[in-house]
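Comments concern the structure below.
Numbering (the UniProt record's numbering), first residue to last: 1 to 93.
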């Protein structure tokens with residue numbers, strides 16, 4: 001059985017976000033995007049201001065834990081109905 005090719009890219013250890021990093025992220029988004037009123041797009045520039053975090057780390061942290069406009073609650077009956085109509089029309093694949 002062949003060995004896996006070693007690329008030299010060791011996985012980074014996972015670590016929890018600190019309050020200071022959250023503050024850095026919020027500040028970086030304001031600095032780069034000039035506002036929190038729209039969805040950030042320049043994650044590569046934002047991540048340069050949050051030491052030790054990648055653009056993917058920053059994006060995931062923002063949308064999963066910090067963005068208050070994301071509704072993480074139950075779907076409304078109207079949303080359920082819209083989903084059913086869309087799946088019926090377009091399918092699942």
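The beta-carbon is built from N, C-alpha and C at its ideal position, and this holds for glycine as well.
Span of the alpha helix (DSSP H) around residue i
{"i": "residue 61", "result": "55–61"}
{"i": "residue 44", "result": "43–47"}
{"i": "residue 90", "result": "77–90"}
Simplified DSSP assignment, three categories, for residue i
{"i": "residue 50", "result": "coil"}
{"i": "residue 5", "result": "With a pLDDT of only 48 at residue 5, under the threshold of 50, the placement of this residue in the model should not be trusted, and no figure is reported."}
{"i": "residue 26", "result": "helix"}
{"i": "residue 73", "result": "coil"}
{"i": "residue 15", "result": "coil"}
{"i": "residue 67", "result": "coil"}
{"i": "residue 33", "result": "helix"}
{"i": "residue 39", "result": "coil"}
{"i": "residue 21", "result": "helix"}
Any non-hydrogen atom of the ligand ATP closer than 7 Å to residue i Cβ
{"i": "residue 17", "result": "This structure simply doesn't include the ligand ATP, nor any ligand for that matter."}
- Task: Please confirm if the region 42–50 is in contact with the region 64–79, defined as three or more CB-CB distances below 8 Å between the two stretches.
- Result: No, because fewer than three Cβ pairs between the region 42–50 and the region 64–79 fall closer than 8 Å, the two stretches do not touch.
Legend entry - Sufficient close CB pairs (3 or more, under 8 Å) joining the region 12–26 to the region 51–62: The answer is yes - the region 51–62 touches the region 12–26, with three or more Cβ pairs under 8 Å.
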